[in-house]
Structures are given as structure tokens and as C-alpha cells.
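When you number the sequence shown by our numbering, it's gap-free, plus one each residue, and the end is 2342.
Read the structure below first, then the notes.
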Amino acid sequence: MEIITGHINTDMDSLAATFLARKLYPEAMMVFPGSLNKNVRDFVSLHKDALPIGRYGDIEPSAVRRLIVVDTRNPARLGPLQELLKINGLEIVLFDHHGSQSTDLRGHEEFIAPVGATTTLVVEQILQRGLALSPFEATVAALGVYEDTGRFSFAGTTVRDAQILPVLISAGAQLPVVNEFIGWSLNEEQRRLLADLLTQAEMLEHHGLRYIVAKAVRREYIEDLALITHRMGELYDVDAALTMVAMGHHVYFVGRSYSGEIDVGYLAQTLGGGGHTRAASAVVKNMDLEVVYQRIVRLLGRGDKLQRTARDIMSSPVKTISPATTMGEAAGILVRRGHSGIPVVEDTRLVGIISRRDVEKARRSKLEHAPVKGFMNKNIISVTPDTGIRDLQRIMIKHDVGRLPVVEGENMLGIVTRSDVLRILHGGEINGPYRLLYRETNTAVLPSRQEMQALLQKNPYVYQLLSDMGKLAARMTLGVAIVGGFVRDLLLGVANEDLDIVVEGNGLAFAEELSRQMRAKLRTHEKFGTAMLILPDGRKIDVATARTEYYEYPAALPTVRFSSLRQDLGRRDFTINAMALDLAPENFGHILDFYGGYTDIRQGLIRILYTQSFIDDPTRLFRALRFEQRYGFMLETETGRLLHRGVDARIWKDLSSDRVARELILIFKENRCRRILKRLDKIGLWSALFPAVPLDGIIWEGLRRAQQVRDIVANFLTVEHPWLVVPMLLFHRLAPERRAAYIEVLRLTARQREMMLNTLRGLDTVRRKLQQPHLTNAEIYELLIPFGGEAIILVATLSCRVKLANRRILRFLKELRGIKPLLDGEAIRRLGIKPGPLIGELLRILQREKLNGRLLTEADELSHIEKLIAKRKELPAGV
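Here it is as C-alpha cells:
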């Protein structure tokens, strides 16, 4: 059983998204979780016959396998349907356009984006799947989009909302019906309530923003407080309108923001409600109206963007140069970093700023060799970390400057640019090009050194190995730590013996000494300051000198500069991979977490460290989704937004084919490969890479079966590269030329490539023959023995629905593979047969007869060979 539902107090957007989701899930029952808004109730009453609405009482919880939730992720807004969330193995699908909260549901599939209406997201999926809309469906969709975007006038309205409008009209949407059910007129009760609210309203101001705040009391419930609040806000020149009305035993709060600078969603959340930045509500139980009112008044300003300071939006750390740096060098840095200016620092003291305009002036004068000291602007206007957004704006206007260094004492902490301020004021992207996204971990929550040692001791071999490295580094007066994935998996309780060692000091000297001590083979790469040790038992240890990297251009391989451990960790892809364990004997096991990785592990988040991360290295697009699905984590909100932006901008196109291939193969090797591919497909990355390979139901079912079949086959034979089954399954329906081209994308070894091509070339023939009614054991054996384990898995996966083929493959694995003649070539030679091809052919004849059950003992085999020799005419031609 499948259920589609929305939120309590169902509005038109929730109704439309619920109804239209049935196009995507036609077997699902549509159920409302509670009361409906009046206009929704009127519409449903009139169109009952066209709206297949089920009742909560009709649901058999034990039969529910999938729950599709639209227009909310807040479990508290599901009313009685919250009980379904307790079902084991329940698959959850989410469609929502609201901002995220820590208590949000997490879906197996999620269609979430900051658009004006959830209906937009559902219609997009309908169109992507090539489904047609009836005129009635288009009308319902238009109702949802028109209402939640305020007839395309609300600030949260997006291009995506506008783009579906002509589609709906073309499909026959009846706009007069839309106009009838989302009219803005107030009835007599609503007009009286509005008059009472205006009588008691207060005009308040915080951070230069104006609020109208009002309260009232009603004995009976009056509908559409949201509309009344909106009307109140329209009557005054305010940035937000807030109403609180006691009706019955509850207090109803509604907020409307007319400025991108005020977040009314934050206010609603403090009362247990939710909504958007610009539109939110809450129902408060067991609290007096005056208490609610005073709480909201005290909170005014706290959720406002303008409460942010220079510390919140500055770029940090800041790349600086010295006064002796040449103008040519400064130009190179500005180009690499994408900045319009760079601070000049002398002995930690800010002494000037060089801009691109200054650099261009020096270039025209052919003075690139001159030091920046003679060109820099020494009239520095700086701010403190606590300078507010409005003050930053005023300073920039007054002094006509585009960047403001953020200084505390004599230390420069960061820099704020004109773009940073404008993004805040106009609701665009908040983060500058190199805005840091991590949150420093509270050291109080980190595991103790003793706790980390206890985790390490679960693998005595690794524990001793790391302890020995720490002692060696101490003798060499070097700092040494193990970093990255090992630390991450240690905290997650996942086995991982990939040892990635970082040395503060001379990493190559440490690696050389360690290789002598452990009698290991050593490979070094001096340019990158890295080395690999291969231990006698085949295990590998990677050693690197602590380093930072910068990228000459997007998707380039990094240029390396040697640095500290903290800076080394800061170049990593995600916070969860940017932790280290100190191996120094006196501090062995102490966790070093500068970027909040431990907190993100506990919260199940994948977070990049800075906004330019995906642009600098687009392979992180693939890795983010791989780690997300491997650990069952979620992309942190900003990370997810930037990932989608990177995919839309096709930044991965700049990667070399080898790097793309490496990431794809790592995905194919994952146990949760199927889920990762679903994510690649959902964000459009898969179709961009392989447009001729739609990931449809046949593929998903095949991938699911392949994992089961692989485990069965592994019981009988060794499969060298089981992951190769995935691309073979993905490409098996393609024409030979396209198939070969796509296999080439994976940059496989010649042996792997030939195996795939040969397997796919003969696949249809083998599958067809396995279904023939009469096959001897020998014929089954000869059909399957040329195939390796990977090919057997593929054939078995694609033959799962054919019982006869299944039984034959299983018989081959269990019995036939191991059947060999008891006689060998030497025994046949003793019968007078000279060495040559005849002996091999006789052995093959023996095997066929033995497979077919006609030869049981060695004596049977000997007798049969003697007969063959005596009757040469029975031998194949040429023998």
C-alpha cells in the first residue's frame, strides 16, 4: 500500500501537490492528515467525484510500504499520519519547497528546492517522465502555484514556477476557476477581525526594519488568518506583518515578510510551527495570548539577516602579500584567486590594499617588476568583526570602497566585499567566492584521547603500527598524524586500513626512515612531498608532508605549497574527511578537528569546507554523493545547493576523462551503488554523462538482483572484479558501437575492456540457449565455462525470471564446474598416443561423457578411450 499526504490545514499548494503526485504513484491512496483551509474545502466539496480521496480509517498500517509526503518535511504537521513513520522498512518520498530544520523527515527519494510552490516540483517530475496533464489536473496545478506564489507576486517566486505556467495553460487550465477559488476578498467576520487587529497594532523597529505586530481574541475559529495578516501588511509601509489571535483554546500566529532581510520562519519555529522565510505560521497550545505576544516581540530582530555582522559574512582566511611582492606576482594571485583586490601586510600589520585597477596600471606602464609598495592604497578603511550589515553598507557608500578589511587589534581576520553585502541585502547568494562553510567543533564534545585509543586497540596490528610511527617521528623531532578517511571510519565503527599519514616537517625523510625500519618498498613524489610505503605483507601506507593547495583554474590539478597540519586538513574535500589523530607518544590518539567534522558525523551531514570547493575540484560532486549514500548521510543545505549549481553549470566537463572514469569506478565498487546512481540520475549528472542509458525500472531491478546474485556466485567461484557487472548491466541494451564508446569512457585495462565487450557480444546467444528445452550437462558446461565470474553474474541476473535458465546456471556452479576426468594426459600417453592435440581432444571427449553421466569410474574412462582409439572413425575429423 502507498499513501500520499500533505500537511494539516491543507492549502491549495498541498492539495494540488497531493493530487498530482498520483500521476507519479498511480497505485497510491490520497489522504488528508487533518482540516482543510476554507477555499480548499469548498473546492473539494464541489469536485469530490474527480478527487479520489481516501480516509485515514481506510489505511491498514501493516500494509503500508511507501509514504509520499508533499509540501512539508515536518513530522508534526502530518497529524495522525505520524503513526505511519513507525513502520519498519517504510520508504519515504518527499516533495517540499520549505527551508530545512533539524527535525525534518529524511526521504529515500527527495525532490526539494526553494521554489515558490511544491506543486511546481511535482509538475516538473510529471513533465520529465513524459506524462500528459488533463485540463482538470492542469487547473488544480494552477490553483496550487497561483496561491502559494501570491499570483506570482511573492518574493519567493522563481523562474521554475513561471516556466510551468504556459505548460498548464496549454494543457487546458481554467483560469476563471483559479480566480474563483483563490480570491482575496474578506467576509464580514474576517473584516471585523482585521479592524480589531489594526486597532491594537504596534509599529516596531529593529535594525532599521519596520514591523506591524497585532493581537486579538475570538471565541470562535475564523479561517484564513494568513489572508487577513497579508491584508494588514499591505495597508502600511512595513517590512513584516505579524498577527497573534486567541481562538478557542489555541493561539494562532501568522507572519508575513515583505523583505528578504526578515525571516518570519524563524519566529514560527520558536513557537513550534514552520514555513518559509517570508510566510510562516504556528498553532500554540496551552499558552496565554499575552505570553505569546511578548515572546514574539522579544525575538524581533533575532532571525533577521541584518543582525549579521562582518564576522558572519567575511571571507577568511585572507590571502595577503608583503610590500616587497612584485606587481606581476600580485596580478597572478588575483587571477588565481578570482579576487578584485588583495591586502598588503607587513609584520602582521595591515599597511595597504592592491586592486586589479592598480595591477592594470602597472602593466600598462610595464612596471610588473616593481614592488606593490609603490602602488598600494595606504588610505585603509577597515571595520571590526562586530560591524553590522547596515553600517558596512553605509561605510562602503560614504568612502566609495568595494572591500573592507576586518581587523581586530592589529590582526586582520578577514575581508568583506561589496558583493558580500549586496548578496545579503538583495537575497542572493550569501557566500563569497571563498566563503568558508565549516563550523568549528566545540572541543568539549570530542571523544577523549583514551576513548580514541580504545577504538584504535580494536585492531591491534594498526594500533602498534601507528604507535611505532609516533615514536619514530618523536625521535626525528617531527609532528605526525593519521588523517582523513581512517579517522572518519574509526568514529563510525567502519573497518578501514587505508593509512594516510601527514608529517609536519620533512615527510620524505620520515618515509625513508620508516621504510628502513619496516623493510618496506618506497615510492616517492618529490614535487608533492608524498611517498608510498608497501609493507612486506602487501599493505600500503601513504605519507605526505603537510601542504596546502591552490588551483590555477577550475578542475586543474593542484599546485602544492608546504604548510601546517591545520592548513593541510583545510584542503580536504569534506569536513568529515578533515580530521586527524595525533600520533605523538605524549598525545597519542588526541583527535584534531578544526573544521567541525565530528559534529557533522554526529548529525549525518556531508559538508564542503568552502564555497569554491566543487569548482576547484569537480570530482567532489561525485564523491559527495558517494559518501552521502555510503553512510546514509545527507548533504548539508548549502553544500547541496552548490552541488546542484555545479552540475547545472557542467563544471565536471573540465575534468580529464581519466578522473571522471576513476570516480565512476569508485561508485560502481560501492555496496550502495544503486542508490548513488539514483542520486546521479536525480540531479541530472548521469544523463549528461551517458545520455543513451536511461536509468529505468529494468536497470534498478537488475542492479538489485545483481547484488543478490553476486553473493550467491561468490560461494562457488572467485570473482576478480565484481563491480564490472554494474557497467555491463547499464550498457547491455546499447547498440555495439555506442556500447564500445561508453566502455571506453571508463578507461579500463585492455583485459577488462575485452572481457566486457566479449561478454556483451555473446550475452543474447547464451541467454537464448539457456532457455532451450533440451540441453545436456555438457552443453551447459561448454556454454558457460568460457565466462568469468563477472559474466556469470550478469547472465544469472538477466535470467532471474527464467526458472529453467536459473536452475542450469546454479547446476553449473554447484556441480558441473568441478567435474573433471579422472584420467590425465599422462595416462593417455601410456596407451600409446603420442603427445599432441589428440590427447587434448580425447580429454575433452572424456569430460563431455562424464558430464552427461555416462562415465563414472576410472575404469569406465579407460575403456571408453580404448574404444575410441580402436575406432578412429569415431574421432572428430583430423584426429
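All C-beta atoms in this analysis are idealised placements derived from N, C-alpha and C, irrespective of residue type, glycine included.
Remember, predicted model here, so these are calculated numbers, not experimental data.
Local Cβ density within 10 Å of residue i, reported as buried at 16 or more and exposed below that
{"i": "ALA2343", "result": "Since the first and last residues shown for the chain are 1464 and 2342, residue 2343 lies out of range."}
{"i": "MET2218", "result": "buried"}
{"i": "ARG1866", "result": "buried"}
{"i": "ARG1724", "result": "The question names Arg, yet the displayed sequence has Glu at residue 1724. So GLU1724 ends up on the buried side."}
{"i": "PHE1558", "result": "buried"}
{"i": "PHE1949", "result": "buried"}
{"i": "VAL1508", "result": "Looking at the sequence itself, residue 1508 is Ser, so the reference to Val does not match. Flag for SER1508 reads exposed."}
{"i": "LYS1678", "result": "buried"}
{"i": "LYS1861", "result": "exposed"}
{"i": "ASP1702", "result": "buried"}
{"i": "HIS2195", "result": "buried"}
{"i": "ILE2175", "result": "exposed"}
Where the alpha helix (DSSP H) through residue i begins and ends
{"i": "ALA1731", "result": "1727-1733"}
{"i": "LYS1511", "result": "Taken as a continuous stretch (DSSP letters only), LYS1511 belongs to no alpha helix (DSSP H), as it is neither H nor E."}
{"i": "ASP1931", "result": "1923-1938"}
{"i": "LEU2344", "result": "The first residue shown for the chain is 1464 and the last is 2342, placing residue 2344 beyond what the model contains."}
{"i": "GLU2207", "result": "2199-2208"}
{"i": "PHE2090", "result": "2082-2094"}
{"i": "SER2150", "result": "2148-2152"}
Helix, strand or coil at residue i according to DSSP, with G and I counted as helix
{"i": "THR1706", "result": "strand"}
{"i": "THR1582", "result": "helix"}
{"i": "PRO1415", "result": "Given a span of 1464 to 2342 for the chain in the structure shown, any question on residue 1415 remains unanswerable."}
{"i": "PRO2343", "result": "Residue 2343 is absent from the model: the chain starts at 1464 and stops at 2342."}
{"i": "THR1789", "result": "strand"}
{"i": "GLY1737", "result": "strand"}
{"i": "HIS1693", "result": "helix"}
{"i": "SER1597", "result": "coil"}
{"i": "ILE1816", "result": "strand"}
{"i": "MET1464", "result": "coil"}
{"i": "HIS1862", "result": "helix"}
Nearest-angstrom Cα separation, counted from residue j out to residue i
{"i": "THR1566", "j": "LEU1584", "result": "22 Å"}
{"i": "SER1803", "j": "TYR2094", "result": "40 Å"}
{"i": "PRO1780", "j": "LEU1876", "result": "7 Å"}
{"i": "PRO1639", "j": "PHE2131", "result": "52 Å"}
{"i": "ALA1833", "j": "THR1788", "result": "8 Å"}
{"i": "TRP2163", "j": "LEU1909", "result": "40 Å"}
{"i": "ILE1945", "j": "GLY1795", "result": "34 Å"}
{"i": "GLU2329", "j": "ALA2177", "result": "39 Å"}
{"i": "THR1481", "j": "GLN2030", "result": "49 Å"}
{"i": "ARG2270", "j": "ARG2002", "result": "41 Å"}
{"i": "SER1911", "j": "MET2042", "result": "14 Å"}
{"i": "ALA1793", "j": "ASP1775", "result": "27 Å"}
{"i": "LEU1419", "j": "ASP2045", "result": "Residue numbering for the chain in the displayed model covers 1464 to 2342; residue 1419 lies beyond these limits and cannot be assessed."}
{"i": "LEU2127", "j": "PHE2085", "result": "8 Å"}
{"i": "GLU1465", "j": "ASP1849", "result": "52 Å"}
{"i": "ARG2307", "j": "LEU2226", "result": "24 Å"}
{"i": "LEU1656", "j": "GLN1663", "result": "11 Å"}
{"i": "GLY1579", "j": "LEU1763", "result": "25 Å"}
{"i": "VAL1746", "j": "GLY1711", "result": "12 Å"}
Beta carbon of residue i nearer than 8 Å to that of residue j
{"i": "GLU2324", "j": "LEU2314", "result": "no"}
{"i": "VAL1717", "j": "LEU1688", "result": "yes"}
{"i": "THR2008", "j": "ASN2040", "result": "no"}
{"i": "ALA1825", "j": "MET1859", "result": "no"}
{"i": "VAL1494", "j": "ARG1518", "result": "yes"}
{"i": "LEU2068", "j": "GLU2099", "result": "yes"}
{"i": "LEU1955", "j": "LEU1977", "result": "no"}
{"i": "ILE1627", "j": "GLU1587", "result": "yes"}
{"i": "VAL1864", "j": "ILE1844", "result": "yes"}
{"i": "ALA2112", "j": "THR2102", "result": "no"}
{"i": "ILE1451", "j": "MET1707", "result": "This structure gives no information on residue 1451, because the portion of the chain shown stretches from 1464 to 2342."}
{"i": "LEU2343", "j": "LEU2140", "result": "This structure leaves residue 2343 out entirely; the chain is present only between 1464 and 2342."}
Residue i: first and last residue of the uninterrupted beta strand (DSSP E) it sits in
{"i": "SER2326", "result": "Unbroken run through SER2326 is the alpha helix (DSSP H), 2321-2333; no beta strand (DSSP E)."}
{"i": "PRO1868", "result": "1866-1871"}
{"i": "GLU1686", "result": "First-last for GLU1686: undefined, no H or E at that position."}
{"i": "HIS1713", "result": "1713-1720"}
{"i": "ASP1659", "result": "It is not in any beta strand (DSSP E) - ASP1659 instead sits in the alpha helix (DSSP H) that spans 1651-1663."}
{"i": "ARG1681", "result": "1672-1681"}
{"i": "THR2400", "result": "Summary: the structure shown does not reach residue 2400, with the chain confined to residues 1464 through 2342, and so no result is reported for it."}
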